[in-house]
Amino acid sequence: MAEKKKKLLQGNEACAEGALYAGCRFYAGYPITPSTEIAEHLSVRLPKVGGKFIQMEDEIASIAAITGASLTGLKSMTATSGPGFSLKQEGIGFACMAEVPCVIVNVMRGGPSTGFPTGPSQSDVMQAKWGTHGDHPVVAVAPAYVQEILSETVRAFNLAEKYRTPVMVLYDEIVGHMREPIVLPEKGELEVIDRIKPTCNSEEYFPYDDKYEIAPLAAYGEGYRFHVTGLNHKKDGFPTNDAKLIQEGNERILRKIENHKNDIWKNEELELNDAKIVVFAYGSTARSARYAVKEAGNSGKKVGLLRPLTLWPFPEKAVEELAKRVKVIIVPEMNMGQMIVEVERYARGKCEMKNPDSQAAGILLGKEFYYLPPHQNLWCGGLHSSPVKEVLRRPRSKERGLRRAFRSRWEVYNVNSSCSKKR
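Under this note's numbering, the letters of the sequence shown match residues 62 to 484, in that order.
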């Protein structure tokens with residue numbers, strides 16, 4: 062069989078191509094570094110496939126526009142970065158409450174506030190979970206490679222349509238601006254899921270019918286008349302203050318994700334069978350972690366990698382099982398320590414936790430970054446620095462830089478004095 066032809070694409074371009082493959086036909090957004098290339102690419106490509114591209118006046122209008130477009134039956138998406146993601150939170154909450162499928166891409170950059178527009182970060186992962194008010198589940202995927210950005214964007218649309226929920230795609234500036242050779246899938250090669258539409262007549266249709274776990278969603282303009290609101294509502298969509306109905310509605314929104322975690326979860330596992338040390342890494346950080354794990358294995362250490370491609374819902378089962386049989390879980394991430402809180406919560410004290418964290422762009426780079434833009438080589442010791450590798454290499458009896466912080470359960474490794482952070 063002939064080898065498939067590869068194309069050199071930037072991560073953001075791959076995201077746009079993934080959206081088109083999934084059937085996205087509406088994009089609304091506002092330019093913001095480092096996600097702007099997604100909008101630029103779709104502004105050219107969408108009209109050619111019969112889609113609509115709108116540059117909105119701001120991020121708030123963008124999330125409102127894709128929600129409205131989705132209610133007319135179109136698969137819709139917006140893309141942004143940290144400051145814009147903050148502005149979208151109320152709209153994301155509305156889409157969760159109204160159960161409107163859509164995809165929100167966050168190409169993460171340094172923060173808080175305006176922060177570091179041209180540098181990477183992984184500091185929005187908790188905001189993805191807790192950014193809106195109220196109780197509702199969240200689905201978020203985290204690709205690490207340009208090819209994965211395409212396929213995970215397709216998966217994000219599939220999950221959004223299948224479960225009638227907003228889905229977030231989280232990756233950072235490094236992978237967003239990286240160029241890698243990828244294979245553009247042929248039609249039918251990747252699964253594409255479309256939303257279930259009602260088959261009953263208009264009088265019998267309820268957009269939040271409690272006889273379904275996930276009710277079919279009609280499109281405006283197709284003869285079905287229904288109400289949509291961000292208020293607590295009855296099955297017909299109209300507001301209610303009935304405590305019983307409110308409780309049942311909120312539980313149903315939670316249950317439709319909780320009951321299908323096994324379908325939503327996706328992890329990569331490397332050398333976990335006999336591992337005594339496990340690196341839990343996601344996004345671009347996992348690229349360096351993979352290299353470090355392989356190097357450790359070559360030197361005789363029993364080290365494995367758990368890489369979640371689904372960050373939310375959190376892969377608690379995988380962490381719980383690993384914590385029972387390993388000695389240490391290392392959680393490298395480009396933030397001050399966010400996902401380690403979740404890992405520690407589900408490890409439940411059964412193993413030791415280590416966190417070589419850094420907000421500084423690029424400290425977690427390793428040798429798998431072949432296609433980085435040149436400026437990335439400058440950060441914190443250069444392209445081949447890897448604090449994960451340094452932690453694995455360091456004999457436990459001679460650990461240097463380890464200091465106890467405010468509570469004994471937190472341990473911080475001073476892997477690079479200019480970039481380390483004290484908790």
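Every residue, glycine too, gets a C-beta built ideally from N, C-alpha and C.
For the pair the segment 70–78 and the segment 99–108, tell me if three or more CB-CB distances fall below 8 Å.
A contact exists between the segment 70–78 and the segment 99–108.
When DSSP builds the beta bridges, which residues end up paired with Gln208?
Its beta-bridge partners do not exist; DSSP assigns none.
Quick check on Arg406: does DSSP put it in helix, strand or coil?
In this structure, Arg406 counts as helix in the three-state DSSP scheme.
Proximal residues to Glu309 (C-beta, below 8 Å), its chain only, five neighbours per side dropped
Only Asp271 meet the Cβ criterion.
Quick one: residues in its chain with C-beta nearer than 7 Å to the C-beta of Ile127, no 5 flanking neighbours on either side, listed in chain order?
In its chain, beyond the 5 residues on either side, Phe87, Ala89, Ser137, Met138, Thr139 and Cys163 have a beta carbon closer than 7 Å to the beta carbon of Ile127.
Could you tell me how far apart the beta carbons of Leu148 and Glu118 are, in whole angstroms, since I believe they sit closer than 8 Å?
Between Leu148 and Glu118 a beta carbon distance of about 12 Å is seen, past the 8 Å cut, so the two are scored as non-contacting.
Mind the definition here: the segment 333–342 touches the segment 154–172 only if three or more C-beta pairs lie below 8 Å; say whether that holds.
The way I'd put it, the segment 333–342 doesn't touch the segment 154–172; fewer than three beta-carbon pairs between them come closer than 8 Å.
Beta-carbon separation (whole angstroms), Gln183 vs Asn396, contact threshold 8 Å
Yes, they are in contact, since the Cβ atoms of Gln183 and Asn396 sit about 5 Å apart, within 8 Å.
Extract the residue ranges of the alpha helix (DSSP H) inside the segment 341–389, only unbroken runs of 4 or more that lie entirely within it.
Within the segment 341–389, the complete alpha helix (DSSP H) runs of at least 4 residues are 346–359 and 377–386.
Cys133 and Tyr281 closer than 8 Å at C-beta:
Inspection of the sequence shows that residue 133 is occupied by Thr rather than by Cys. Contact flag set, yes.
Please tell me whether Ser263 and Arg286 are closer than 8 Å, where the distance is taken between their beta carbons.
A contact, by the Cβ cut-off of 8 Å.
Going by other Cβ atoms of all chains shown within 10 Å of its Cβ, with 16 needed for buried, is Arg386 buried or exposed?
Only exposed fits Arg386, as fewer than 16 other CB atoms lie within 10 angstroms of its CB.
Taking the straight line between their C-alpha atoms, what separation do you get for Asn320 and Trp326?
In this structure, the alpha-carbon of Asn320 lies about 12 Å from that of Trp326.
Can you name, in chain order, every residue of its own chain whose Cβ lies under 7 Å from the Cβ of Val220, other than the five neighbours on each side?
Note that residue 220 is Leu in the sequence shown, not Val. Excluding positions up to five away in sequence, the list reads Val200, Val228 and Ile325.
What are the start and end residues of the alpha helix (DSSP H) that includes Glu120?
Where Glu120 is concerned, the enclosing alpha helix (DSSP H) stretches over Glu120 to Leu132.
Do Gly145 and Tyr91 have their C-beta atoms within less than 8 Å of each other?
Pairing Gly145 with Tyr91 gives a Cβ-Cβ distance under 8 Å.
Taking the alpha-carbon positions, what's the Lys113 to Thr141 distance?
Roughly 18 Å between the two C-alpha positions.
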